[in-house]
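Heads up, the thing below is written out as structure tokens.
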DNA sequence: GTAATGTCTTTTATCGGGAAAAAACATTTT
DNA sequence: AAAATGTTTTTTCCCGATAAAAGACATTAC
């Protein structure tokens, strides 16, 4: 008889003195369930680990539970699928999020909510209590989040909200345009046999598919948008440029979530701009690239700016 | 009789279960001692707080100790200086550093030491034990430090050292040049009555003074260098550009510490380049500014690059 | 009545502890 | 002997607790 590993039993105990949630296990378990649908037997433990992006310890916990719930028969190398996963087999979605994600969502909801004025001070303890997590996690989140330029730390004191203002959007897009223009120029200088051209071709196909079904799939654009721009930024071969896209991605992620007005229209325009941009890149003509890039970034800036209410202005220092 | 505030008694207890060092108090105390030299009586508590950059709670702890050690006579509003501070009155320098500073120094020493190969993994626990601090502080430090682009986090696993390499220096200087060129252009567009011109004049005077005494004061350049470039970067009015100077400042701080070769010579050249740069700014001619800025940044890059041996890690002096 | 001082409360910084997850080591299987 | 599985150790993540430091409130002095 196999002993149930510790990792699989967490959350079943009395929520006493809980130290760390087992969301990594739960998320990997759910992903593994989807994998189950396709095969009759599972690969080796190390292989599963790589596939799911977790350690073998977690893989074994997953297999343990799958055996217990009659999903598979597990005997050493033999992992036979006994039945297809049912909805009840999955862990609830909300239990698969990391603490960092939970805190970020909670924080962003507050930040974008009415009454989040610039200059307002942020209270770690209050945030922690409100979200229901320890102060350490909130502190770590704020430190990580600070690089987005929306909050600032007062030396051995509280954090200050700088606010999601028009000024912020302008400063962000200024850098974005500088970086992307430079990356796009670097992109066309890449050798013919570079892998980026294959990636670009694939992205072009996906853009065309999306364009032809834009009426129903317009909400899939944001994901494609990020992949496309990240590919371009990566051509800079500069970690600061590549990392800066995290700031843009974060902002656009939340921007897309709360500004649904004209979404279909906006995305349709953007897809066409991307296609023109891709064509310019493939022409390898720096002048054409510059023009297509500028045009797209200009409308991206307009979109972002139009979503920021006038009322939320930065306070004079 | 006044009760001794808790803050003043820390460190005197048995180092058991210590939660937070009172370095803020000790550092402010030392700075207050220096203040004592000049006046016969101290200002009000709130005023002292602003002067020292600490809360009134800490100010009162300082005054308490100064009374106890016979430095002042303290009776409500009356704070009469009884004697000049002696060397023994000061807290040791090493006790005035914040934990973050201690960890940073320790970490940088390791990073620049022999055998710090790129790709090496960073162990939070080991670092914490070695420095003699809790893991939380180390974790927070690593998160904060990660924006410098020298380390990277593997998702729910360890940190990886990217190394202080030639590639790093090139990527850093690429952004620096982009940002500073843009800031310098913004600088000359600032109105005549802007405060920056006064600041620039002051910096020019200090540069001339340093230039005339370069033989003995060359090591004072790095501080002047930072103030000058920060003034220019601030003209961009872009938080991302301003914040990026933190990365540059950090790198140059440690660079100056371990690369003492030709220091006098290098600084002498840099001061002259700064003076030419300042003259260009004052001319308000964008073309001249561009040229002077480019020239200085080019030699700054050379200096940084020359301290990083090809294919190897940098070494301390 | 304003601005200081005196007192009390809240928040931040840091540690140690414990569960989750990773990683290392030992043993088997093919 | 290579690669899997089984077992043990280490490290990461997160919480609660506590002293330092900040901040708020109450009182007094000018």
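Chains as they are written, first to last, in the working numbering: chain B, 20 to 336; chain P, 20 to 336. We put the CB at the ideal spot given by N, CA and C, even for glycine.
- Listed along chain P is no residue with a C-beta nearer than 8 Å to that of residue 309 of chain B; the closest approach is about 16 Å.
- Residue contact check for residue 69 of chain B against chain P: no CB pair falls below 8 Å.
- Here residue 76 of chain P carries a helix assignment [DSSP, helix/strand/coil].
- In chain order, 197, 198, 201 make up the part of chain B whose C-beta sits under 9 Å from the C-beta of residue 197 of chain P.
- Closest in C-alpha terms to residue 248 of chain B, from the list B:148, B:226, B:142, comes B:226.
- Chain order gives the chain P residues near residue 193 of chain B as 201, 255, 257, 259, 260, where near means a beta carbon separation below 9 Å.
- With contact defined as three or more Cβ pairs closer than 8 Å, the stretch 253 to 273 of chain P and the stretch 305 to 312 of chain P are not in contact.
- The contact set of residue 155 of chain P on chain B, defined by CB atoms closer than 9 Å, consists of 155, 158, 159 in chain order.
- Cβ-Cβ separation between residue 102 of chain P and residue 90 of chain P: approximately 6 Å, consistent with a contact (criterion under 8 Å).
- Residues of chain B with a Cβ closer than 9 Å to the Cβ of residue 286 of chain P do not exist, since the nearest Cβ in that chain sits about 27 Å away.
- For the stretch 180 to 212 of chain P, the full-length alpha helix (DSSP H) segments reaching 4 residues or more read 185 to 207 along the chain.
- Residues of chain B with a Cβ closer than 8 Å to the Cβ of residue 43 of chain P are, in chain order, 175.
- Per the Cβ contact rule, the stretch 75 to 83 of chain B is not in contact with the stretch 130 to 138 of chain B (fewer than 3 Cβ pairs under 8 Å).
- In this chain, residue 257 of chain P is not harboured by any beta strand (DSSP E), its DSSP state being neither H nor E.
- Annotation: the continuous beta strand (DSSP E) that includes residue 99 of chain B extends over 97 to 100.
- Pairing residue 155 of chain B with residue 288 of chain P, the inter-Cα distance amounts to about 47 Å.
- Ranked by Cα distance from residue 270 of chain B, the first of B:77, B:115, B:290, B:327 is B:327.
- Pairing residue 215 of chain P with residue 250 of chain P, the inter-Cα distance amounts to about 7 Å.
- The C-alpha of residue 131 of chain P lies about 18 Å from the C-alpha of residue 166 of chain P.
- Across the structure, residue 321 of chain P and residue 245 of chain P are spaced so that their CA atoms are roughly 18 Å apart.
- Counting only unbroken stretches of 4 or more residues, the alpha helix (DSSP H) elements lying wholly within the stretch 110 to 158 of chain B are 118 to 131, 143 to 150, in sequence order.
- Per DSSP, the continuous beta strand (DSSP E) segment holding residue 171 of chain B begins and ends at 170 to 172.
- Distances from the CA of residue 42 of chain B to each of B:273, B:144, B:116 were compared; the closest alpha carbon is that of B:116.
- Excluding five sequence positions before and after residue 127 of chain P, the CB atoms of its chain that fall closer than 6 Å to its own CB belong to 273, given in chain order.
- Counting along the chain, residue 49 of chain B sits inside the alpha helix (DSSP H) bounded by residues 42 to 55.
- When the Cα atoms are used, residue 65 of chain B and residue 177 of chain P turn out to be separated by approximately 19 Å.
- Residue 95 of chain P sits away from residue 60 of chain P, with the two beta carbons spaced by 8 Å or more.
- Residue environment for residue 53 of chain P: exposed (fewer than 16 other C-beta atoms within 10 angstroms of its C-beta).
- For residue 218 of chain P, there is no enclosing beta strand (DSSP E); the enclosing alpha helix (DSSP H) has its first and last residue at 214 to 231.
- Assigned with DSSP and collapsed to three states, residue 92 of chain P falls in strand.
- By the beta-carbon neighbour count (other beta carbons within 10 angstroms, threshold 16), residue 45 of chain P is buried.
- Around the beta carbon of residue 153 of chain B, fewer than 16 other beta carbons sit within 10 angstroms, so the residue counts as exposed.
- Beta-bridge partners of residue 176 of chain B (DSSP): none assigned.
- The stretch 235 to 244 of chain B and the stretch 285 to 299 of chain B touch, with no fewer than 3 CB-CB distances between them shorter than 8 Å.
- For residue 150 of chain P and residue 168 of chain P, the gap between their C-alpha atoms comes out near 22 Å.
- According to the DSSP assignment, residue 302 of chain B belongs to the alpha helix (DSSP H) that extends over 282 to 302.
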